[in-house]
Structure formats: structure tokens, C-alpha cells
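First comes the structure, then the notes that go with it.
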Amino acid sequence: MRPLHQFSRTSDVADAMNELIADRGLKAPSQRQIASTVRLSPGTLMHEYGSRAEMLRRACVQVGRDHARVWRERLDETPRGEVSPAALLPTSAADLAHERLWAAWRELSRGDVALLPGLGLGVEGERDAVDQVRSRLGREHDDRLSDTAHALLVGVITRMLDQDAPWSLDHAAEVVAAGWT
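Position 26 of the sequence shown, counting from 1, maps to 27 under the numbering used here, and the rest follow consecutively.
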């Protein structure tokens with residue numbers, strides 16, 4: 002759950018965009034659709050953000066913060082003595098839905114450089130969580146190995162989201178364990 006101090010108009014817009022993306026697919030929602038979802042006029046949004054691009058940029062930054070927080074929470078929910086790389090895998094339907102939305106935001110950012118700061122925050126959060134797992138397992142800091150582990154986890158999560166042949170959590174955990182060593 003998002004910390005109380007991070008609730009704002011921008012977090013409402015980000016939540017509305019997540020809802021619209023989940024319902025309607027990968028196309029970036031229109032300002033009118035977003036305004037309707039947050040129950041504001043399009044003019045109010047334009048007054049607050051100045052442009053649709055700025056509204057999308059700020060919403061993506063909020064989504065990136067939320068994504069980093071979700072990965073941190075996954076790790077924090079694991080007892081210290083039982084930590085493993087699989088702790089960062091989505092384990093619930095809500096976690097999988099979150100990862101689907103994050104994948105959609107990654108796709109949206111390919112066509113819009115204004116979204117890259119938010120994407121960077123999310124990826125940085127993923128990488129920090131990987132570094133924490135490595136640290137808790139007693140591994141020394143090594144950027145190359147952290148990058149490799151991060152790429153492995155993101156690839157496995159992508160396979161878990163595959164609509165044609167999704168990997169189960171058990172299979173994903175086995176793949177991560179085999180690739181982590």
C-alpha cells in the first residue's frame with residue numbers, strides 16, 4: 002500500500018491511468034478518460050499539469066516509486082533467515098497484476114522519453130532489492146553480478162506474465178535458483 006504522504010493528485014492520476022490501462026490495454030489513456038476516472042474536469046487537469054505530457058511524466062514517476070516500493074515490500078515480508086532470490090517474485094494475483102501494469106508502463110515509455118524518469122525509478126528499485134538479497138545472502142557487492150541477477154529476475158517475471166504459456170511460481174523459483182548460483 003502506498004504510504005499516506007505519497008497520496009496526491011498525481012497519485013490519483015497514476016491510479017486512474019493504471020485502471021484505464023488494465024481495462025483498455027496498452028494505449029495511453031486520453032486526458033478526458035483520465036479526468037473522468039478521477040472525477041475532475043479536463044480543464045482542472047490541464048491547469049494543474051500544464052500539458053498532457055507533464056501529467057503523464059509525473060504519473061509515471063509515481064508509478065515508478067510504487068513499483069520500487071512493491072519490490073521492497075516483497076523482500077521485507079520475507080524473514081531474514083529465509084531470504085532467497087525467489088523472494089522478489091510475484092506470489093499473488095495482486096502481485097502479478099502489478100507486474101502486468103509495470104510491463105505496460107515499460108512499453109508506453111518506449112515511445113515517450115518523458116516517461117523515462119519514472120521508469121528509471123522503478124528499475125532502480127528493482128536493482129536495490131536485488132542488491133539487498135545479495136547482501137543478506139552474504140555476497141559481496143559486484144555490479145556485474147547484480148545486473149545479471151536483476152536481468153534474470155525481470156526475464157523470469159516476464160515469462161510468468163506470458164499469456165500463452167505462463168510459468169508457475171514454482172517453476173520460476175527453480176529457474177531463479179538455478180541461475181542465481
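Ideal Cβ placement from N, Cα and C applies to all residues, glycine included.
As the structure is a prediction and not an experimental result, all values here were calculated from the model.
Original post:
What number of angstroms, rounded off, separates the C-alpha of A36 from the C-alpha of A130?
Top reply: By 1-based counting over the sequence shown, the position of residue 36 is 35. By 1-based counting over the sequence shown, the position of residue 130 is 129. About 34 Å.
**OP:** Round the Cβ separation of E127 and V155 to the nearest angstrom and send it over; I've been treating them as touching at under 8 Å.
**Re:** Counted from its first residue, the sequence shown places residue 127 at position 126. Counted from its first residue, the sequence shown places residue 155 at position 154. Between V155 and E127 the Cβ distance is about 7 Å, and since that is below 8 Å, they are a contact.
**OP:** Please check the pair V84 and V134, which I expect to be a contact at CB under 8 Å, by giving their CB distance rounded to whole angstroms.
**Re:** Residue numbering aside, residue 84 sits at position 83 when the sequence shown is read from its first letter. Residue numbering aside, residue 134 sits at position 133 when the sequence shown is read from its first letter. About 6 Å separates the two Cβ atoms, so the contact holds.
Original post:
Can you tell me whether DSSP reads E20 as helix, strand or coil?
Top reply: Against the sequence shown, residue 20 aligns to sequence position 19. DSSP places E20 in helix when its eight states are reduced to three.
**OP:** Check each candidate in A17, K28, M161, D16 and name the one with the smallest Cα separation from G112.
**Re:** The residue given as residue 112 occupies position 111 in the sequence shown. The candidate whose alpha carbon is nearest that of G112 is K28.
Original post:
Per DSSP, what kind of secondary structure is L97 in: helix, strand or coil?
Top reply: For the purposes of this step, residue 97 is taken as residue 96 along the sequence shown, with counting starting at 1. Of the three classes helix, strand and coil, the one that applies to L97 here is helix, per DSSP.
Original post:
If you draw a straight line from the alpha carbon of G82 to that of D96, how long is it in whole angstroms?
Top reply: Residue 82 sits at position 81 when you count from the first residue of the sequence shown. Residue 96 sits at position 95 when you count from the first residue of the sequence shown. Distance between the alpha carbons of G82 and D96 is about 23 Å.
Subject >> C-beta neighbour in chain B for M18, strict 9 Å >> reply: The displayed structure is made up of one protein chain only, and chain B is not part of it.
Original post:
If we count the other Cβ atoms within 10 Å of its Cβ and call it buried at 16 or more, is T159 buried or exposed?
Top reply: On the sequence shown, residue 159 is found 158 positions in, with the first residue counted as 1. So T159 ends up on the exposed side.
**OP:** Would you decide whether S68 is buried or exposed? Buried here means 16 or more other CB atoms lie within 10 Å of its CB.
**Re:** Sequence index remark: in the sequence shown, residue 68 carries index 67 (1-based). It should be pointed out that residue 68 corresponds to His in this sequence rather than to Ser. Buried: at least 16 other Cβ atoms inside 10 Å.
Original post:
Anyone know if the C-beta pair for R70 and L89 falls short of 9 Å?
Top reply: As a position in the sequence shown, residue 70 is number 69, starting the count at 1. As a position in the sequence shown, residue 89 is number 88, starting the count at 1. No, these two residues do not count as a Cβ contact at 9 Å.
**OP:** Tell whether a beta-carbon distance below 9 Å holds between V14 and P86.
**Re:** Counting from 1 along the sequence shown, the entry for residue 14 is found at position 13. Counting from 1 along the sequence shown, the entry for residue 86 is found at position 85. It is not a contact, given that the beta carbons lie outside the stated cut-off.
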